[in-house]
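Student:
Numbering (the numbering used here), first residue to last: 115 to 336.
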């Protein structure tokens, strides 16, 4: 049996083109910055998503250290204790590589609005903040819309990926790398420790930020 994903968004081409146009804008902004040219009103583009269900798992017995000639690696007891889950709300500034992040118990509208407030505080008031994100209910809810309505015109702009088009969002690659390098095999004593370790990893990443660049089919963007 082979599996495939049925296309269920009739506007996928249009929405994909809109996302690619934002990535094209990022490329233009990078070129302008490299040439020290001013391109009108300051703009930042943030690739955003949530990574829910990060498990806080504790060991039930101490890890055993390796022994030369006996055990080549650490040994861990198969049993573990579940202590709940956390959600990581994160966005990458596609011009600087800086990661903005919150770790919360849930990712409802109120947490998303809290993230927007984090972005609002991070950039000068005259800067336009453009987000690439999916159609999660929290992103288009009444609570989110009401908060956005109170912000200055042009402060925030959303570009939504198509349904089943999360691969178009650069933040997904960042989440994949985080899962493999930080979260894999992680064991913690509490949810609070997990939160602290995730934020410590984000702080470490921001000390040497990596600028993420989209190139696939960018030449076909309008």
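Don't be surprised by glycine CBs; every beta carbon is placed ideally from N, CA and C.
#1: Give the secondary structure of residue 210 by DSSP, where H, G and I count as helix, E and B as strand, and everything else as coil.
#2: By a C-beta neighbour count over all protein chains shown, 10 Å radius and 16 as the cutoff for buried, is residue 128 buried or exposed?
#3: Please list the terminal residues of the continuous beta strand (DSSP E) segment that includes residue 160.
#4: On a CA-only basis, which of 221, 310, 279 is nearest residue 251? Give me that one, please.
#5: Can you tell me the Cβ-Cβ gap for residue 206 and residue 136, rounded? I've got them flagged as a contact below 8 Å.
#6: Looking at the strands, I want to know which residues DSSP matches up with residue 117.
#7: If you reduce the DSSP assignment to three classes, tell me which class residue 291 lands in.
#8: Here's the rule: buried if 16 or more other CB atoms are within 10 angstroms of the residue's CB, otherwise exposed. What is residue 213?
#9: Kindly indicate the opening and closing residues of the beta strand (DSSP E) around residue 300.
#10: Locate the beta strand (DSSP E) running through residue 188, then write down its first and last residues.
#11: Report all residues from its chain with a CB closer than 8 Å to the CB of residue 170; omit the five preceding and five following residues, and keep chain order.
#12: Sorted by chain position, which residues of the same chain lie with C-beta nearer than 6 Å to residue 255's C-beta, five sequence neighbours on each side aside?
#13: Just how far apart, CA to CA, sit residue 173 and residue 300?
#14: For residue 166, I'd like the list of residues in its chain whose CB is within less than 6 Å of its CB, leaving aside the five on either flank, ordered along the chain.
#15: Kindly confirm or deny that the stretch 257 to 276 and the stretch 231 to 249 touch, where touching means at least three C-beta pairs closer than 8 Å.
#16: Mind checking which residues open and close the beta strand (DSSP E) that includes residue 271?
#17: Does the distance from the CB of residue 284 to the CB of residue 133 come in under 7 Å?
#18: Look up residue 198 in the DSSP assignment and say whether it is helix, strand or coil.
#19: Quick one: residues in its chain with C-beta nearer than 8 Å to the C-beta of residue 204, no 5 flanking neighbours on either side, listed in chain order?
Tutor: So, to answer that:
#1: Of the three classes helix, strand and coil, the one that applies to residue 210 here is coil, per DSSP.
#2: Its Cβ having fewer than 16 others within 10 Å, residue 128 is exposed.
#3: That run of the beta strand (DSSP E) goes 157 to 173.
#4: Looking at the Cα atoms, 221 is the closest of the given residues.
#5: So it is not a contact: roughly 13 Å between Cβ atoms.
#6: For residue 117, DSSP records no beta bridge to any residue.
#7: Looking at residue 291 - three-state DSSP - the assignment turns out to be helix.
#8: With a 10 Å radius around the Cβ and a threshold of 16 neighbouring Cβ atoms, residue 213 comes out buried.
#9: For residue 300, there is no enclosing beta strand (DSSP E), as DSSP marks it with neither H nor E.
#10: Following the DSSP letters along the chain, one finds residue 188 in no beta strand (DSSP E), marked with neither H nor E.
#11: Excluding sequence neighbours, residue 170 sits near 196, 197, 198, 199, 200, 302, 304, 305, 307, 308.
#12: A distance below 6 Å between beta-carbons, with the five flanking residues on each side excluded, links residue 255 to the following residues of its chain, in chain order: 223.
#13: Straight across, the Cα-Cα distance linking residue 173 with residue 300 is about 10 Å.
#14: Taking residue 166 as the centre and dropping the five residues before and after it, the same chain places the C-beta of 201, 221 closer than 6 Å to its C-beta, in chain order.
#15: Yes, since at least three Cβ pairs between the stretch 257 to 276 and the stretch 231 to 249 fall closer than 8 Å, the two stretches touch.
#16: Looking at the DSSP string, the run of the beta strand (DSSP E) that includes residue 271 is 270 to 274.
#17: No, Cβ-Cβ distance for residue 284 and residue 133 is not below 7 Å.
#18: DSSP, reduced to helix, strand and coil, places residue 198 within a strand of the structure shown.
#19: Answer for residue 204: 162, 163, 164, 165, 213, 214, 215, 216, 285, 288, 289, 316, listed in chain order.
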